[in-house]
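K.L.:
Residue numbers for the sequence shown, in mature numbering (1 follows the signal peptide of the UniProt record, and there is no 0): -20 to -1, 1 to 228. Cβ coordinates follow ideal geometry from the N, Cα and C atoms, glycine included. Here it is: the structure, laid out below.
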Amino acid sequence: MASRQLIPLVLIFMVAKVFAGLDVNWYDAHATFYGDMKGGETMQGACGYGDLFQQGYGLATTALSAALFNDGLTCGACYEIKCVNDPQWCIKGAGSVIVTATNFCPSAPGGQSGWCNPPQKHFDLSMPMFTKLAYYKAGIIPVQYRRTTCVKQGGVKFQIKGNPNFDLVLVYNVGGAGDVINIKIKGSSTGWIQMSRNWGQNWQAGTVLKGQSLSFQVTVSDGTMIEFDNVAPPNWQFGQTYDGGKNF
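Next comes the structure, spelled out in structure tokens:
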């Protein structure tokens, strides 16, 4: 009898874990596109990821309006988006796309009206993602969106930038909730040091750690924290990227 009761409990736990930190409700917004079918203009965005192909994001990306971007804290979050309520332009049976936030859609200057102006929630998709949902001549479409789990291949990546007096670390390829809200760094001869966000998902610390192996504690927006021990060896170099070996 006890074993029969255990199975439903295990299933409930698994389902709860899958949906932890996610909002299953759909919300209204609009979407446009930028760049071309090869991803032109979508690289080097405001999240600091650089070459989206090299970093694993590819073309499944979007820029966010200010209402969603949260001054860069939402970088790395994943959204499921579908075209709705526009039979002229929505592709019938298109379903939805899942994209990662990698850029910022700026508000129109000088108080002009614009789709990315607050408080509007807007997605400026890569052209390949937009044309999976609607005909490109539509230009702009009504959509519904929701946050979804980011599924990434391999471990969380740490690209070490900066200089001998200033550590700057780009964190990318983050699964789970996707958007990093806190990072601590530790050298082999130090305790945990709080990092601060410089811009996008670039995090900084003003501590000299050259010649020490580096470990990280990374927390994402649903509160999950993973410790990545000895990610970078003592002979790490600026400009190199290290795989954390695990993911959210």
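Locate the alpha helix (DSSP H) running through L48, then write down its first and last residues.
P.N.:
Taking the sequence shown and counting its residues from 1, the one referred to as residue 48 is at position 68. Run containing L48: 46 to 49, per the alpha helix (DSSP H) assignment.
K.L.:
In angstroms with no decimal places, state the Cα-to-Cα distance between residue 235 and A9.
P.N.:
Lying outside -20 to 228, the shown extent of the chain, residue 235 is not represented and no answer is given.
K.L.:
Considering only the alpha carbon of each residue, which of G15, G171, W172 lies closest to T42?
P.N.:
As a first step, residue 42 is located in the sequence shown; it is residue number 62 there, counting from the start. Among G15, G171, W172, the Cα nearest to that of T42 belongs to G15.
K.L.:
Where does the unbroken beta strand (DSSP E) through F228 begin, and where does it stop?
P.N.:
Within the sequence shown, the letter at position 248 stands for residue 228. Here F228 belongs to no beta strand (DSSP E), and DSSP marks it neither H nor E.
K.L.:
Use the C-beta contact count for Y152: other C-beta atoms within 10 angstroms, 16 or more gives buried, fewer gives exposed.
P.N.:
For the purposes of this step, residue 152 is taken as residue 172 along the sequence shown, with counting starting at 1. It counts as buried.
K.L.:
From this set, S87, V131, G171, G28, which residue's C-alpha is nearest N227's C-alpha?
P.N.:
Here residue 227 refers to the residue found at position 247 of the sequence shown. The shortest Cα separation from N227 among S87, V131, G171, G28 belongs to V131.
K.L.:
Which whole-angstrom value describes the C-beta separation of Q220 and I140, a residue pair presumed to lie in contact below a C-beta threshold of 8 angstroms?
P.N.:
Looking up residue 220 in the sequence shown gives position 240. Looking up residue 140 in the sequence shown gives position 160. Q220 to I140, Cβ: 6 angstroms. Contact.
K.L.:
Counting along the chain, where does the beta strand (DSSP E) carrying P108 start and finish?
P.N.:
Mapped onto the sequence shown, residue 108 falls at position 128. From DSSP, P108 is part of no beta strand (DSSP E) but of the alpha helix (DSSP H) over 107 to 113.
K.L.:
Quick check: V160 and V200, are their CB atoms within less than 8 angstroms of each other?
P.N.:
Start at 1 with the first residue of the sequence shown, and residue 160 comes out as number 180. Start at 1 with the first residue of the sequence shown, and residue 200 comes out as number 220. It is a contact, given that the beta carbons lie within the stated cut-off.
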